[in-house]
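Working notes, structure below.
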Amino acid sequence: MEYTKEKKVGEGTYAVVYLGSQHSTGRKIAVKEIKTSEFKDGLDMSAIREVKYLQEMQHPNVIELVDIFMAYDNLNLVLEFLPTDLEVVIKDKSILFTPADIKAWMLMTLRGVYHCHRNFILHRDLKPNNLLFSPDGQIKVADFGLARAIPAPHEILTSNVVTRWYRAPELLFGAKHYTSAIDIWSVGVIFAELMLRIPYLPGQNDVDQMEVTFRALGTPTDRAWPEVSSFTSYNKLQIYPPPSRDELRKRFIAASEYALDFMCGMLTMNPQKRWNAIECLESDYFKELPPPSDPSTIKIRS
Amino acid sequence: MTDVQVIEESATNAVTANVVENEKEAPAKSSAENNKPPNYKRISDDDLYRHSSQYRMWSYTREQLEEKRVDTNSRAVASIEEDLLKFRQAHNLIEEEVKILEAKAIPLTMEEELSLVNFYAKKVQVIAQHLNLPTEVVATSISFFRRFYLENSVMHIDPKSIVHTTIFLACKSENYFISVDSFAQKAKSTRESIIKYEFKLLESLKFSLLNHHPYKPLHGFFLDIQNVLYGKVDLNYMGQIYDRCKKRITGALLTDVVYLYTPPQITLATLLIEDEALVTRYLEMKFPSKEKIQEQEPELEPETEKKEAQNDESKIEKDDDQGIENDKPSIDSAKLLAVIMECKELIEETAPLSTEDAKRIAAKNYYCQNPSSLIQKLKRKMNEDTSAAEKRQKI
Numbered sequence: 013m014e015y016t017k018e019k020k021v022g023e024g025t026y027a028v029v030y031l032g033s034q035h036s037t038g039r040k041i042a043v044k045e046i047k048t049s050e051f052k053d054g055l056d057m058s059a060i061r062e063v064k065y066l067q068e069m070q071h072p073n074v075i076e077l078v079d080i081f082m083a084y085d086n087l088n089l090v091l092e093f094l095p096t097d098l099e100v101v102i103k104d105k106s107i108l109f110t111p112a113d114i115k116a117w118m119l120m121t122l123r124g125v126y127h128c129h130r131n132f133i134l135h136r137d138l139k140p141n142n143l144l145f146s147p148d149g150q151i152k153v154a155d156f157g158l159a160r161a162i163p164a165p166h167e168i169l170t171s172n173v174v175t176r177w178y179r180a181p182e183l184l185f186g187a188k189h190y191t192s193a194i195d196i197w198s199v200g201v202i203f204a205e206l207m208l209r210i211p212y213l214p215g216q217n218d219v220d221q222m223e224v225t226f227r228a229l230g231t232p233t234d235r236a237w238p239e240v241s242s243f244t245s246y247n248k249l250q251i252y253p254p255p256s257r258d259e260l261r262k263r264f265i266a267a268s269e270y271a272l273d274f275m276c277g278m279l280t281m282n283p284q285k286r287w288n289a290i291e292c293l294e295s296d297y298f299k300e301l302p303p304p305s306d307p308s309t310i311k312i313r314s
Numbered sequence: 040m041t042d043v044q045v046i047e048e049s050a051t052n053a054v055t056a057n058v059v060e061n062e063k064e065a066p067a068k069s070s071a072e073n074n075k076p077p078n079y080k081r082i083s084d085d086d087l088y089r090h091s092s093q094y095r096m097w098s099y100t101r102e103q104l105e106e107k108r109v110d111t112n113s114r115a116v117a118s119i120e121e122d123l124l125k126f127r128q129a130h131n132l133i134e135e136e137v138k139i140l141e142a143k144a145i146p147l148t149m150e151e152e153l154s155l156v157n158f159y160a161k162k163v164q165v166i167a168q169h170l171n172l173p174t175e176v177v178a179t180s181i182s183f184f185r186r187f188y189l190e191n192s193v194m195h196i197d198p199k200s201i202v203h204t205t206i207f208l209a210c211k212s213e214n215y216f217i218s219v220d221s222f223a224q225k226a227k228s229t230r231e232s233i234i235k236y237e238f239k240l241l242e243s244l245k246f247s248l249l250n251h252h253p254y255k256p257l258h259g260f261f262l263d264i265q266n267v268l269y270g271k272v273d274l275n276y277m278g279q280i281y282d283r284c285k286k287r288i289t290g291a292l293l294t295d296v297v298y299l300y301t302p303p304q305i306t307l308a309t310l311l312i313e314d315e316a317l318v319t320r321y322l323e324m325k326f327p328s329k330e331k332i333q334e335q336e337p338e339l340e341p342e343t344e345k346k347e348a349q350n351d352e353s354k355i356e357k358d359d360d361q362g363i364e365n366d367k368p369s370i371d372s373a374k375l376l377a378v379i380m381e382c383k384e385l386i387e388e389t390a391p392l393s394t395e396d397a398k399r400i401a402a403k404n405y406y407c408q409n410p411s412s413l414i415q416k417l418k419r420k421m422n423e424d425t426s427a428a429e430k431r432q433k434i
């Protein structure tokens, strides 16, 4: 057997994750064992998506699919070993991180996201919990169980994607068509969360999520986002004004002007005006001081 | 660290260098131009395609493809012959029985296997279309089915038993979920028979599920031809060409061009079949020869890079020589035309198998796997003959 499963580290709805090692190299790995017997429709869609998209991507900031094998009628994905994730790091108050550290993480995250988008893949579930850390501090975009190909213009999609707090306004409105801009919104919310160290838009339920989102960032209007009022759920909305620059400065005390521009670019209501991954990567935020930290020097274990 | 260097830095990390390539970075470019990392390289759409599993695992030269089929076939033949030998040793066969075995229970040749696979691949298409599945799902079904039989022999797994499985998996892979029960009902099959080989199928597909079909390039060319030949093509006419090419592409998926050429090349080949003059004119305008470039310096969009020949490694080297400033795709329209001509010929020369021939091959396939049925059939016939003879004697 080329791989050993040494310790069970997690169990999700469709998979069990084990830590183990690769026999021939001694390399530490994680094995995601897909529970197959429980699905009457054969191979589960999440498993299929994960296999399908991870096969296509080789990038320093996307989780590496080392191997796939079948054993005892189970599908096993061998993934690189990633000891922690951004959610754990944010929550662990004993870990201190600097604006330069945040910049390094945003850079790596956006490189990974950009690689997905240029391969015509939408992630659809970006959140701190799905941004994993390698032992040398690299961020890896992981969990492609909700991913899909960037749709053709006429394709009808489900808006029931992305974990609630990171859900873009078009999804909150139940849009049947959306683009890679939904992933950028999630990155924007993650950026805000990194600066605040608490979730930025923590809606209690789907209705509350709209309330929380628009109270923080202003209710979109037809002027900024043509025809936004034609979404059926728009009528019931409380209209909040967008926050002034000063209000944002007060909320994000440590943020530079360029950092705020960067955040506002990603958290633009109108998906067509929202920054794309290239615009984000080329923003002045990454070019001004301080330079992003060297990932391997950031302390992410308490 | 300054400027775009920050973004380009990780290019040192991997083959898939992580460089932001784009045209809009003009202001930063001048200052960063001189301090690019030594291994700076723009990632082209070609590079991305070369990293796709379709290219890495399912693209071959003609020789490799032939070799693969010979290999799959000869392994199956060897095991079938062994089984037949065992059968003959285990049964005390009379001369007539040996004779009929030698005449009818013969393993299939590689060519016969291929014909049978393509015959059933067409069936996959017909069934998938009958189920009203979207074009891409139909295409993926065909692709899965044919790839499965690059790895497996029809002598080991009957094509009939895998037809529904491939369509069912293609639906799921293309995000077009149908529950197995309603699929079974629509396809007049059973849950068990659909699911039975799903793992085997996934494994044979080497877990590579993402297909790049030529339909997206078709849409791209459809728009770009109108752009490049603005005012010289009729919109209605282009619409007709588009619809006809879409059908031709589905047809091309039943041939070996999918293993030998890139999706945009296949698209151009189908366009060539429809209107050779149009494509030639388009390519000449799109990729003018060197002298013409100096005359007019046309703007080339980066997407054109997709369309160059997949195995044309020389192109990359050329780009490197020219440096980054001069990274316009250097595509030789004559060379490209020659490649897609070859592709077109292969599409046109692939003849479908007649149902009769398919039946003949399928029968052979059945007998070599089930020699006992052949013997029983012979016995029945001999009994009938003797009883008929007895009857005649009585008369």
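Order-wise, the sequence lines are chains B and C. All the letters of the first sequence, read from the start, carry residue numbers 13 to 314 under my numbering. All the letters of the second sequence, read from the start, carry residue numbers 40 to 434 under my numbering. All C-beta atoms, glycine included, are put in the ideal place defined by N, C-alpha and C.
Nearest-angstrom Cβ-Cβ length linking residue i and residue j, presumed shorter than 8 Å
i: B:Arg136; j: B:Leu122; result: Rounded, the Cβ-Cβ distance is 16 Å, inconsistent with contact.
i: B:Leu77; j: B:Leu66; result: 4 Å
i: C:Pro146; j: C:Cys407; result: 5 Å
i: B:Asn73; j: B:Lys152; result: 6 Å
Any chain B beta carbon closer than 7 Å to residue i
i: C:Val267; result: no
i: C:Leu240; result: no
i: C:Ile234; result: yes
i: C:Leu262; result: no
i: C:Glu62; result: Unreliable positioning characterises C:Glu62 in this predicted model, as indicated by a pLDDT of 35, which lies under 50. A coordinate reading is not provided.
i: C:Leu311; result: no
i: C:Asn214; result: yes
i: C:Asn365; result: Low per-residue confidence applies at C:Asn365: pLDDT is 48, beneath 50, and the placement is therefore not dependable enough to give any value.
i: C:Val116; result: no
i: C:Val296; result: no
i: C:Thr51; result: Per-residue confidence for C:Thr51 stands at a pLDDT of 31, beneath the threshold of 50, marking its modelled position as unreliable; no derived number is given.
Reduced DSSP category for residue i - H, G, I as helix; E, B as strand; rest coil
i: B:Ser33; result: strand
i: B:Glu45; result: strand
i: B:Ala236; result: coil
i: B:Thr96; result: strand
i: B:Arg313; result: coil
i: B:Arg160; result: strand
i: B:Thr16; result: strand
i: B:Phe145; result: strand
i: B:Glu23; result: strand
i: C:Phe326; result: coil
i: B:Ile133; result: strand
i: C:Asn461; result: Because residue 461 of chain C is not part of the residues shown, which for chain C are 40 to 434, the question remains open.
i: C:Asp314; result: coil
i: B:Leu87; result: strand
Where residue i meets chain C, residues with beta-carbon distance less than 7 Å
i: B:Asn131; result: Leu87
i: B:Val63; result: Phe246, Leu248
Below-7 Å beta-carbon distance, residue i vs any chain C residue
i: B:Arg179; result: no
i: B:Met118; result: no
i: B:Met275; result: no
i: B:Met82; result: yes
i: B:Ile60; result: yes
i: B:Arg176; result: no
i: B:Arg39; result: no
Interface residues of chain B facing residue i [CB-CB closer than 7 Å]
i: C:Ser451; result: Only positions 40 to 434 of chain C appear in the structure, and residue 451 of chain C is not among them; the question remains open.
Contact set between residue i and chain C, taken where Cβ atoms lie within less than 8 Å
i: B:Leu55; result: Leu208, Lys211, Glu237, Phe238, Leu241
i: B:Asp85; result: Phe238
Candidates the options: closest to residue i by CA position
i: C:Ala226; options: C:Lys245, C:Ile201, C:Phe238, C:Pro303; result: C:Ile201
i: B:Ile46; options: B:Arg39, B:Arg235, B:Tyr30; result: B:Tyr30
i: C:Tyr239; options: C:Asp295, C:Asp263, C:Ile196; result: According to the sequence shown, residue 239 of chain C is Lys rather than Tyr. For the residues C:Asp295, C:Asp263, C:Ile196, the minimum Cα distance to C:Lys239 belongs to C:Ile196.
i: C:Leu385; options: C:Ser247, C:Ile288, C:Val116; result: C:Ile288
i: C:Tyr159; options: C:Ile206, C:Val116, C:Pro77, C:Phe126; result: C:Ile206
i: B:Tyr190; options: B:Ser171, B:Asp258, B:Glu92, B:Thr96; result: B:Ser171
i: B:Pro147; options: B:Pro304, B:Ala267, B:Lys40, B:Arg176; result: B:Lys40
Where residue i meets chain B, residues with beta-carbon distance less than 8 Å
i: C:Val219; result: Lys52, Asp53, Gly54
Contacts that residue i makes with chain D (C-beta to C-beta distance below 7 Å)
i: B:Arg160; result: Of the protein chains in the structure, B and C, none is chain D.
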